[in-house]
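See structure below.
Residue numbers (the numbering used here), protein chains in the order written: chain A, 22 to 238; chain B, 22 to 238.
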């Protein structure tokens, strides 16, 4: 599959690296290709020779599946740059969380309660099939879940399109996830985005990001 | 221990019944004793002869530990009725969630993000030692956790007073809980109250309330 990963941070690199390892054709999208190349990107890219770098629009144009791995604040601008036409009809795996650090730590959510970033993105790009997933755990666990309790923990998918959720679930399963729970339509992204406050407190309390929740039933 | 349980609903009865079973002296507080007695209370009370019913203030006056098992909307009025003097110095286990059903299902939270019901209660009763706990699972699992995965799932305590959290943790452990996680001060109640949206969606999806999260680490 041709996968475009928008975002060059920890999450973007984790998804891109793992998807390439699994045989997908991966391009990473960035706002400014030259600025990214001039940064710390070079070292990572040298270790991942099959992965190309492009502007958001070029990265998205030829993709079968697009991953939003930008910051919450940067998500709508990045997707605007990717372009509604380029995104039309495609599955968009949205991993971003609308964290607001402007008042310090712990951050609050800039979209919350009766709305979510996932819904905002779906409304802004109605022809795109948005699936919220993987926003509830740390990057390394998103792509290598078996390192924790042999994968015995849960992740969630939220979205309006059943086929798109199936495609994302297959990708997550290929990463090693064993318990992908379909919560329902895109409004259920409120629930997973609102997990962030307790996630951040547990992170502080446990002293490691290598944890996740399991829905015991 | 003398325990006052404010609230006669499902949560109040579950906590009261279990605490009495474990040998505590239990009184249940209600807004209107006569109205409660005239309702469906009688049948339950007949099965729990050791448990007495009283107004919120009378119930609270002699208690060592007070449990807020009222609805989110009713919590501050019930605690006002219990009285700041009666609550002074005491441990208050706050189980309520600030759910707002005025726009239908799923409810939103009436306090959220940069505040929580737990914090509001702590601010309103500064001499009371508020501990938020048990608001993240169904009543029957609060008090009989071993019925699910032999108790291999997590609950949380949030509060400013270490001794109060210890007292609540002991009570939870006596109920059968095996993994009580101290999240930190009362502001961490935001995180557990914000679990409600995903809890409600999982409830719909799984078709049972007999589930809980486990923090896998």
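Yeah, the Cβ is synthetic: ideal placement off N, Cα and C, and Gly gets one too.
Is the distance from the Cβ of residue i to the Cβ of residue j below 8 Å?
{"i": "residue 51 of chain A", "j": "residue 73 of chain A", "result": "no"}
{"i": "residue 152 of chain A", "j": "residue 112 of chain A", "result": "yes"}
{"i": "residue 214 of chain B", "j": "residue 118 of chain B", "result": "yes"}
{"i": "residue 177 of chain B", "j": "residue 202 of chain B", "result": "yes"}
{"i": "residue 198 of chain A", "j": "residue 180 of chain A", "result": "no"}
{"i": "residue 243 of chain A", "j": "residue 210 of chain A", "result": "This structure does not reach residue 243 of chain A, given that chain A is present from 22 up to 238, and the question cannot be answered."}
{"i": "residue 195 of chain A", "j": "residue 236 of chain A", "result": "no"}
{"i": "residue 227 of chain B", "j": "residue 120 of chain B", "result": "no"}
{"i": "residue 160 of chain B", "j": "residue 47 of chain B", "result": "no"}
{"i": "residue 130 of chain A", "j": "residue 134 of chain B", "result": "yes"}
{"i": "residue 90 of chain B", "j": "residue 26 of chain B", "result": "yes"}
{"i": "residue 75 of chain A", "j": "residue 54 of chain A", "result": "yes"}
{"i": "residue 41 of chain B", "j": "residue 63 of chain B", "result": "no"}
{"i": "residue 116 of chain A", "j": "residue 154 of chain A", "result": "yes"}
Give me the residue from the options with the minimum Cα distance to residue i.
{"i": "residue 65 of chain B", "options": "B/223, B/154, B/194, B/49", "result": "B/49"}
{"i": "residue 97 of chain A", "options": "A/88, A/142, A/120, A/131", "result": "A/142"}
{"i": "residue 86 of chain B", "options": "B/200, B/227, B/189, B/194", "result": "B/189"}
{"i": "residue 114 of chain B", "options": "B/81, B/102, B/123, B/131", "result": "B/81"}
{"i": "residue 144 of chain A", "options": "A/78, A/45, A/109", "result": "A/109"}
{"i": "residue 220 of chain B", "options": "B/128, B/44, B/167", "result": "B/128"}
{"i": "residue 126 of chain A", "options": "B/68, B/101, B/208, B/61", "result": "B/208"}
{"i": "residue 39 of chain B", "options": "B/59, B/79, B/69", "result": "B/69"}
{"i": "residue 79 of chain A", "options": "A/67, A/102, A/59, A/60", "result": "A/102"}
{"i": "residue 224 of chain B", "options": "A/222, A/223, A/238, A/224", "result": "A/238"}
{"i": "residue 212 of chain A", "options": "A/92, A/43, A/132", "result": "A/132"}
{"i": "residue 168 of chain B", "options": "B/187, B/222, B/230", "result": "B/230"}
{"i": "residue 162 of chain A", "options": "A/193, A/77, A/222", "result": "A/193"}
{"i": "residue 234 of chain A", "options": "A/185, A/186, A/166, A/45", "result": "A/166"}
{"i": "residue 43 of chain A", "options": "A/58, A/59, A/60, A/22", "result": "A/22"}
{"i": "residue 107 of chain A", "options": "A/123, A/77, A/122", "result": "A/77"}
Count the other CB atoms, across all protein chains shown, that sit within 10 Å of the CB of residue i; report buried if there are 16 or more and exposed otherwise.
{"i": "residue 105 of chain B", "result": "exposed"}
{"i": "residue 140 of chain B", "result": "buried"}
{"i": "residue 147 of chain A", "result": "exposed"}
{"i": "residue 205 of chain A", "result": "buried"}
{"i": "residue 149 of chain B", "result": "buried"}
{"i": "residue 93 of chain B", "result": "buried"}
{"i": "residue 99 of chain B", "result": "buried"}
{"i": "residue 35 of chain B", "result": "buried"}
{"i": "residue 183 of chain A", "result": "exposed"}
{"i": "residue 222 of chain A", "result": "buried"}
{"i": "residue 37 of chain B", "result": "buried"}
{"i": "residue 67 of chain A", "result": "exposed"}
Can you pull the DSSP bridge partners for residue i?
{"i": "residue 12 of chain A", "result": "One cannot answer for residue 12 of chain A here, as it falls past the ends of chain A, which runs 22 to 238."}
{"i": "residue 203 of chain B", "result": "B/178"}
{"i": "residue 23 of chain B", "result": "B/46"}
{"i": "residue 88 of chain B", "result": "B/26, B/114"}
{"i": "residue 186 of chain A", "result": "Note: residue 186 of chain A sits in no beta bridge, so no partner."}
{"i": "residue 32 of chain B", "result": "Paired residue(s): none; residue 32 of chain B is not in a bridge."}
Which runs of the alpha helix (DSSP H) fall wholly inside the stretch 99 to 179 of chain A and span at least 4 residues, in chain order?
As for any alpha helix (DSSP H) of minimum length 4 sitting wholly inside the stretch 99 to 179 of chain A, the runs are 105 to 108, 138 to 145, 160 to 164, ordered along the chain.
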